[in-house]
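Residue numbers (full-length UniProt numbering): 1 to 211.
Here you go:
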């Protein structure tokens, strides 16, 4: 966002300012100070006539009188700070309130940081691992508990979040680190194995069972 130019006291008869835009933080500060902001995006004509009149009204309604000639000018129109915010400010997709600072973007849509939460437990997701289902965001823990497959060995969710590796065989699934021989606990990743009822065992342990 660019700097904000504020006109106080009087307009000069001819005025030309470099094109600039108003920042949401500046709008917030103006509202807290109960002031109207002036942002000029191009040459302001008839300034002397406006000065003589000294009665300024917001484009969106006569109820917003700008008695002190501090204006917000955008697209050749003049706005008070509140109306400028109402018309132009970025709004949170969840609560529809103006985002003044600390916003996040998810799927190209703006959110307040505190509004971007897990669909299930409402924990704030900013700065955390999360995933989505049906276009709704979930924290890793809730996604695992609600939707993920379970490891045959440890019975914990297999989320796949963060590059977690897992192995599937028939209708069973294991975490990469849980895919071990039931007898000797040697990893079976990349090796042959034999099913022994609910267990899987390495070929060596299978031979010993047959002896």
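Note that the Cβ used here is the ideal one computed from N, Cα and C, for glycine as well.
Burial is judged here by how many other beta carbons sit within 10 angstroms of a residue's own beta carbon; residue 176 has fewer than 16 and is exposed.
Within the same chain, 24, 98, 99, 103, 110 come within 8 Å of residue 90 by CB-CB distance, once the 5 residues on both sides are set aside. From the listed residues 120, 126, 121, the smallest Cα separation to residue 112 is found for 126.
Counting every other CB atom within 10 Å of its CB across the protein chains shown gives residue 197 a total below 16, marking it as exposed. In summary, residue 210 is exposed, with fewer than 16 beta-carbon neighbours lying within 10 Å of its beta-carbon over all protein chains present. If you compare the alpha carbons of 207, 179, 190 with that of residue 200, the shortest gap goes to 179.
Looking at the backbone, the Cα of residue 153 and that of residue 86 are separated by about 56 Å. Annotation note: the UniProt domain "LIM zinc-binding" (90-149) contains the following uninterrupted alpha helix (DSSP H) runs of length 4 or greater, listed N- to C-terminal: 140-147.
Contiguous beta strand (DSSP E) elements confined to the UniProt domain "LIM zinc-binding" (152-211) occur at 166-169, 172-175, 194-196, 199-201, taking only those with 3 or more residues. Here the alpha carbons of residue 204 and residue 142 stand approximately 40 Å from one another. The alpha-carbon separation between residue 183 and residue 166 amounts to approximately 20 Å. Between residue 117 and residue 136, the CB-CB gap reaches or exceeds 8 Å.
The DSSP-derived three-state label of residue 80 is coil. Residue 190 and residue 158 have their C-alpha atoms spaced approximately 19 Å apart.
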